[in-house]
Structure formats: C-alpha cells, structure tokens
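In this note's numbering, the protein residues as written are 1353 to 1791. Report on the structure given below.
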Amino acid sequence: MTKKRIAVFGIGYVGCVTGACLARDGNHVVGVDIDQGKIDALQKGFPPVAEPGLDQLVEEQVKNGRLTATTDAEAAIGDTEMALITVGTPSTDSGAVNSNAVKRVLETIGQCLRSGEKNYTVVIRSTLLPGILEEELKPVLEEALGEEIGHRVDLCNNPEFLRETTAIKDYDNPPFVVVGAEDEYRAKPILDLYNHLTAETIVTDTRTAALIKYGCNSFHALKVAFANEIGMLAKSFGADGQEAMRILCIDHQLNISPAYLRPGFAFGGSCLPKDVRALTRYAQQQAIPSDLLQSILSSNETVLDAAFRLVEKAGQRVIGLIGLSFKSGTDDLRESPQVILAEKLLGKGYDLKIYDPDVSVSRLKGANLAYVDRHLPHLSALLVEEPQEVFDHAELLILGTNIANDVDWENRFEGETIDLRKDLVVSQDEQKLANRQTK
Ligand code: NAD
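Laid out in structure tokens, this is it:
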C-alpha cells in the first residue's frame, strides 16, 4: 500500500492519537492546531494530551520525521493529499452540536485548494449529527473552494470510536471501520489507511455513518443507565444487582445480541408489556429511580400512535390488516400492537378486515378468547379466511407481521400499502434505493 501524506486538523485526544498511529503505520502526518502550545509540545516530541502509550509513540514518530506539527494550515494542505478533521464539536448552550471549528477548518482547506488542480480528500472524523455534513459543511467547503465538491475534492466522514485511556488500543482494534462516502471509489483512500486492521470495514452514506457514532454512544449510555436502574431495584428487592447483571450478560441469544435491535414496529405479546409494567410499578411504589424503565412503555405507545397517524395520513378509510397476533406463528393476541392498532382504527370508524392464518376465532381458547372478548368482540366479523378477501375489500393494506411474506400481496393487491415492519423507520429515499438495488 502506498503510504499517504495526511494533515490532521485538531491535535486533541482524537487527533493526536490518530496522527501518531497513522505515522507509526508509515504515513507522513502533519498535525495542525490553532493552539500554539500544543504545536510547540508536539514539535518537541511531547503529546499535548495525556494518554497511555502516547508519550513513546509520539516521541518515536517525531524523531523519525513522520510526525510533524504546525499552525500553518496552508503549508500543511500544500504538502498533503488528505485532511482528517478531528477538531472539537462541543454542545452549545441549547445542547445542539457546535460545528463552528469544523466549518473554520473547511473554509481554510477550501481557500487553500481554490483554483488549483490538486485532488484532495477531506475526511470528517469529528462527531457530527447526520445532516450537518450534507447541509452545512458541504456548502461551506464549496463556497471556499469556488467549485462543487466531488470532482477533484471529496468530502467524506469516518467516525472515530476510540475511548480515552485505551485510545491506541482502540485505534488498532476498532469495533469496525465506518466510512461515509458517495461511493466505494471515494471511500478507498480512507479505507487504505486501515487495511492492516482486522476490523470489518463498512462503506455507507454519510448520514448513516454519522448516525452510527451517535447510535453507539447512546447505546453505551443506555446500557449504563439500564444497569444502574436494575442495580437499584435489586438493592430494594434484596437481590444482588451485580450478580443479576453478570448472569443477564451470559445470554448471548437474546440479551447481548442483535435480537430486538432492528427498528420496526412496537413490541407486544403476553410477557414484555406485562413484566415491564410490574417492574416499573414496583419502582414507583418504592420511589426507586427508574426514569429509563418508566419510559419504555410510553415509548412503545408513541410508536403505536405513529403507526395510527401513518394510516390517517394515507387517507383511505377501508383497510386490510395482514397479521393480528404480535408475531407470525402464534395465536396469542394478548397486548398485540396489531390488536391495539385495529381497536383504534375501529374506534375511529375505519372499515377493517383482517387476515391472520394463526388466529381463528373458533380455535381461540382460554386467556386468548377472554382477551378477544374484551378487546375485539366483533373479531369474528372482521377476520377472513383468505388473503384475497382482504385484497378485494381494502383500499389500504397494512402489513403487520411476517405473515405478509407468505401472502403474495405484491402481485395480488393494487392499492397503497403500509408496512409496519419498516415504514415508520425507513425513509422513502432509502426504500427507493433498496427497490432499485433489488430490481
Ligand atoms: P479536543 O478538544 O481534545 O481537541 C480538539 C482540538 O482541535 C484542540 O486541540 C483545538 O485546539 C483544536 N482546534 C479547534 N479549532 C481548530 C481549528 N480551527 N484548526 C485546527 N485545530 C483546531 O477534542 P477531542 O476529544 O479530540 O474530540 C474531537 C472530536 O472527536 C469531537 O467531535 C469528539 O466528539 C470526537 N470524539 C472524541 C473522542 C474522545 O474520546 N475524546 C472519541 C471519539 C470521537
């Protein structure tokens, strides 16, 4: 692999570690910062931030000449083919992302490359919300550059997943390498930087790449908050919270796994809502802090409301629902979100027919029958035996569960559809793209 000449803008925690590791891997790196003190330190071979292992790494790389530092952005850009931007993106007073430092760096890069011939790749490694790159940064760079990006200058992102105190180890063993770029060709110079790593590499669009970073950090924060709430409940129950969470983590089938982690529709069924309700009721009664657990059922209701609003927005009043139980393969209707949606539609006067081969009123027994009597007393009038009856009836088809995979609605229904498994969480652009790719 040809080694690269790279400018790293912002030599704080991320920039200094990234720059030193890139230099160690054979690249020529120039660190650029507005803080003269940090530049002076780096030039002398001292890292401007404290991080285990970084003193030695920086000293070696400065000594062998592959890591240099300057405040002169123009010289740094003139001497490189790629810039990694690792400046800070702190919170504003309102909690929004302050992207001013990134914008200033892009202005400088654009001005330095203006009216030249040079090909250049600009890589945002700082953490920024999806949309900022596309809607705010791209115009800033193009304005300064005096031309559209994508011809000789590319703007990509490559979120960083290192943690302070284990930053060098994390740099060398990231969970994955994510590059947000318009296509694989534009991503390649960035992927080349990491091709000695064993981590999986992912090239995706810039918005998704940016979201992955926020998803990861939110998930980590969520895990801490969840563990703490279970721990506080354990204490109140007289149980051992540390032990309970240790054992919970042994389950790699449902707990520490991709299970339940695909965005789609609301959860339901006979256990999840009931058990979350019991735990949160206990927490409330005992005044145990449980904000996170308390928010789960209301979050689920919000998803159900969103589904109802989607149907309302579609405008049709004659509806076909495919799948009534909370998942295909069961006749259990207790707290099925599809039942709740059906109830709501009926309550608002929609004309509804339902197909679910797992649910037959004549076969329903015990708790299921009682549930139906209470929630959908006129279910037998709504349920049909064949999907065609729903297709003939409906102006709008709601695909509720994976039963939809077996009913050939694509060839047999001509009206509009709402797929509860993805329409709340997948943008129309993304769906169009997926349709194009599968054709
Ligand atoms: P930091 O505050 O340690 O360093 C930022 C550096 O940018 C500073 O040295 C500052 O002087 C410099 N800078 C500011 N404006 C500049 C400009 N116009 N030109 C050149 N340099 C400029 O920040 P950090 O902790 O390294 O974080 C950088 C980004 O990486 C943030 O978006 C952060 O969210 C993200 N991130 C941080 C970590 C972490 O563990 N610290 C991990 C992953 C991602």
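For every residue, glycine included, the Cβ atom is placed at its ideal position computed from N, Cα and C. Keep in mind it's a predicted model, so treat the numbers as computed, not measured.
Just to confirm, does residue i get its C-beta within under 8 Å of one of the non-hydrogen atoms of ligand 1?
i: Lys1470; result: no
i: Ile1386; result: yes
i: Ser1478; result: yes
i: Ala1453; result: yes
i: Lys1390; result: yes
i: Pro1482; result: no
i: Arg1456; result: yes
i: Pro1689; result: no
i: Glu1488; result: no
i: Lys1774; result: no
i: Pro1400; result: yes
i: Glu1695; result: no
i: Glu1516; result: yes
i: Val1366; result: yes
i: Glu1595; result: no
i: Thr1438; result: yes
i: Thr1769; result: no
i: Phe1678; result: no
i: Lys1565; result: yes
i: Ala1425; result: yes
i: Glu1741; result: no
i: Ile1520; result: no
i: Gly1590; result: no
i: Thr1441; result: yes
i: Thr1460; result: yes
Leaving out the 5 sequence neighbours to the left and right, which residues in its chain are closer than 6 Å to residue i when beta-carbon positions are compared?
i: Gly1389; result: none
i: Arg1788; result: Here the model assigns Arg1788 a pLDDT of 48, short of 50, so the residue's position is not dependable, and the following value carries that caveat. So the list is empty, once near-sequence residues are dropped.
i: Phe1743; result: Arg1764 and Phe1765
i: Ala1618; result: Asn1652, Val1655, Leu1656 and Pro1689
i: Val1529; result: Tyr1546, Ala1551 and Thr1553
i: Thr1420; result: Val1382
i: Val1395; result: First, the residue type needs correcting, since residue 1395 is Gln and not Val in the sequence shown. If we look at Gln1395 and ignore the five residues flanking it on each side, its Cβ neighbours are Ala1421.
i: Glu1807; result: The shown model of the chain, from 1353 to 1791, leaves out residue 1807, and the question about it has no answer.
i: Pro1739; result: Tyr1707 and Val1759
Alpha carbon to alpha carbon, how far is residue i from residue j?
i: Ala1402; j: Gly1430; result: 30 Å
i: Val1384; j: Val1457; result: 10 Å
i: Asn1525; j: Asp1535; result: 25 Å
i: Lys1587; j: Val1759; result: 50 Å
i: Ala1719; j: Glu1687; result: 12 Å
i: Asn1471; j: Ile1640; result: 59 Å
i: Ser1446; j: Glu1516; result: 26 Å
i: Phe1398; j: Glu1412; result: 10 Å
i: Ile1461; j: Ala1393; result: 24 Å
i: Glu1595; j: Val1439; result: 41 Å
i: Leu1481; j: Ile1599; result: 35 Å
i: Gly1367; j: Ile1476; result: 11 Å
i: Tyr1707; j: Ile1648; result: 29 Å
i: His1604; j: Ala1591; result: 23 Å
i: Asn1416; j: Val1628; result: 59 Å
i: Arg1357; j: Cys1601; result: 44 Å
i: Leu1721; j: Leu1685; result: 9 Å
i: Ile1501; j: Ala1658; result: 38 Å
i: Asn1557; j: Val1449; result: The question names Asn, but residue 1557 in the sequence shown is Asp. Straight-line Cα distance between these residues: approximately 20 Å.
i: Ile1770; j: Tyr1612; result: 21 Å
i: Leu1631; j: Gly1593; result: 14 Å
i: Lys1791; j: Glu1737; result: Caution applies to Lys1791, whose pLDDT of 41 falls short of 50 and renders its modelled position unreliable; the value that the coordinates give is listed next. Going by the C-alpha atoms only, they are around 32 Å apart.
i: Cys1623; j: Glu1433; result: 57 Å
i: Ile1391; j: Tyr1537; result: 34 Å
i: Asn1607; j: Lys1575; result: 11 Å
i: Val1555; j: Tyr1566; result: 17 Å
i: Lys1626; j: Gly1620; result: 9 Å
Spatial neighbours of residue i within its chain, please: C-beta separation below 8 Å, excluding the five flanking residues on both sides.
i: Gln1636; result: Ser1642 and Gln1646
Among residues of its own chain, excluding the 5 on either side of residue i, which ones have a beta-carbon nearer than 7 Å to its beta-carbon?
i: Lys1696; result: Phe1660
i: Thr1682; result: Asp1710
i: Gln1638; result: Ser1588
i: Pro1615; result: Val1777
i: Phe1513; result: Asp1522, Pro1526, Pro1527 and Cys1568
i: Glu1426; result: Cys1464
i: Met1584; result: Ile1640 and Pro1641
With the cut-off set at 9 Å, would you say residue i and residue j are in Cβ contact?
i: Ala1435; j: Val1360; result: yes
i: Ala1496; j: Gly1532; result: no
i: Val1663; j: Leu1676; result: no
i: Asp1710; j: Ser1732; result: no
i: Ile1674; j: Glu1747; result: no
i: Leu1489; j: Val1505; result: no
i: Ile1484; j: Ser1451; result: yes
i: Leu1735; j: Ser1712; result: yes
i: Ile1520; j: Gly1405; result: yes
i: His1745; j: Asp1703; result: yes
i: Val1474; j: Ile1437; result: yes
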